Each structure stands twice: as structure tokens, then as C-alpha cells.
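In full-length UniProt numbering, the protein residues as written are 1 to 155.
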């Protein structure tokens, strides 16, 4: 038994494994084979997967607009109660298409600074956060559903 008053939480790998995007990636052909050798185990696991599709695939989006009753939009949020069903799927996807070109990104640079009196021990850039949102929104919280985590693409 641990004896500590520290706050314990799962590792980042466990948190990521529970995200819809990681589940979507694991459902792709040949991905599970990287982690498991037994073909029977792989097949049993695949039978447990629900269909997960990305909005990057225009055929999937078109199909969801035409037959919204077959799809559920599930935002990457905690706590449940945020899913979109039925005709609301169609309305939401059509709205995304209209607003698709009106996005704005926000880049935050993280730094670490530590000093002892006059001596600087650490002064480093140590990461970044990029989030993108609809430009008409004043809010930009990812967990609140107003923005998405993004990556920098330099050309």
C-alpha cells in the first residue's frame, strides 16, 4: 500500500487510450497486428469495436448527411450528454461545411523558468498548444467544446 498524500492519476497513455481518436486508429486494418500476435484475439477484439469514422473523409460526411439516423456525432468531451443524434447530425454537419473556411488558430508557447536569486537555472521553451475554433466564437476552450486541439503545419 502506498503511503503518500500526493494526488494519484492515471498515466497519459491510459487517458489517451480512452479517447475516441485512439479508438478510431486502433480500429483501422493492420493496426492491432502491431500490438497483438494471436489472430483469434485480434478478431475477437475487432468484433467489440463500434464504427468510428473521421470527418476528414468526405464520403463518410456525405453519407451521414444523407442518412443521419445511422450515425451519432460524439465530441471529444468528458461527462457524457454531448452526443448529437438524428436530424441534428445532418444540421450540424451542414453547419460545419458552411463554417469550415472561417476558422482561427491560437498558438500558445510553454516555457519553464527557474532561478535561485540572481542565477537562472532553467529558461527554456518546453512545448506548445495549438487550438483551432470557429472564428465567430469568442470562446476557445477545447474541453468546453468550442475548439479542437490542432498541430502546426509549416510550409
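Beta carbons: idealized from backbone N, C-alpha and C, even for Gly. All values derive from a computational prediction rather than experimental measurement.
Asked: Sort out for me which residues DSSP pairs residue 44 with in a bridge.; Found: Per DSSP, none; premise fails for residue 44.
Asked: Under a three-way DSSP split, which group does residue 16 fall into?; Found: helix
Asked: In whole angstroms, what separates the C-alpha of residue 149 from that of residue 89?; Found: 22 Å
Asked: For the alpha helix (DSSP H) containing residue 66, name the first residue and the last one.; Found: 58-66
Asked: With 16 other CB atoms within 10 Å as the buried threshold, where does residue 94 fall?; Found: exposed
Asked: Identify the residues that DSSP records as bridge partners of residue 33: which are they?; Found: In DSSP, residue 33 forms no bridge with anything.
Asked: Exposed or buried, which one is residue 68 when buried takes at least 16 other CB atoms within 10 Å?; Found: buried
Asked: Count Cβ pairs between the stretch 103-115 and the stretch 129-143 that sit closer than 8 Å; are there 3 or more?; Found: yes
Asked: Residue range of the beta strand (DSSP E) that residue 125 falls in?; Found: 119-134
Asked: Is the beta carbon of residue 141 sitting closer than 8 Å to the one on residue 75?; Found: no
Asked: To the nearest angstrom, how far is the alpha carbon of residue 37 from that of residue 137?; Found: 47 Å
Asked: Taking the straight line between their C-alpha atoms, what separation do you get for residue 9 and residue 22?; Found: 19 Å
Asked: Taking 8 Å as the cut-off, decide whether the C-beta atoms of residue 128 and residue 107 are in contact.; Found: yes
Asked: Look at the Cβ atom of residue 52, then the Cβ atom of residue 97, and state whether they are nearer than 8 Å.; Found: no
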